[in-house]
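Numbering (my numbering), first residue to last: 555 to 716.
Glycine residues also receive a C-beta, built at the ideal position from the N, C-alpha and C atoms.
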């Protein structure tokens with residue numbers, strides 16, 4: 555069995571690491587540098603606001619995990635998903651595929667770190683003043699969403715036989 559990692563696979567790993575670092579650094583800044591209190595909102599620019607929310611649920615607050623068993627179950631689930639993505643990424647051959655894998659893995663790990671440290675995911679990006687988008691999210695959530703879109707776009711790509 556070939557266990558080598560492709561060049562695109564290494565790119566996916568590097569992107570995942572970058573997402574984790576950026577996600578955790580921004581959350582650290584939100585929690586300590588800005589000193590936002592839970593529920594507090596600060597305007598940034600136009601419709602963009604920072605609103606500190608502790609998300610105990612899964613995506614966008616669905617399926618709340620208020621009990622420790624559920625919290626650690628979500629941590630384990632996130633890490634299993636990230637491990638599977640990392641496993642698939644090792645064989646990536648296309649740039650868009652590598653980007654998708656890297657963004658999803660990094661975002662899943664970033665949110666798992668929050669859940670393990672704080673018991674909830676730290677959300678703070680608030681754009682609900684743009685039409686109807688009532689959710690508050692974070693860098694990791696954005697990475698996961700963009701990663702899924704990248705993989706969907708990659709799956710639509712036609713392979714041409716040479």
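Straight-line Cα distance separating residue j from residue i
i, j, result
"residue 679", "residue 642", "30 Å"
"residue 562", "residue 699", "20 Å"
"residue 647", "residue 586", "40 Å"
"residue 589", "residue 570", "27 Å"
"residue 676", "residue 609", "6 Å"
"residue 682", "residue 597", "12 Å"
"residue 688", "residue 635", "27 Å"
"residue 622", "residue 711", "42 Å"
Reduced DSSP category for residue i - H, G, I as helix; E, B as strand; rest coil
i, result
"residue 598", "strand"
"residue 702", "helix"
"residue 640", "helix"
"residue 629", "helix"
"residue 623", "helix"
"residue 690", "strand"
Beta-carbon proximity of residue i to residue j, cut-off 9 Å
i, j, result
"residue 576", "residue 606", "no"
"residue 674", "residue 633", "no"
"residue 654", "residue 695", "no"
"residue 660", "residue 697", "yes"
"residue 649", "residue 573", "no"
Those residues which DSSP pairs with residue i across a bridge
i, result
"residue 676", "608"
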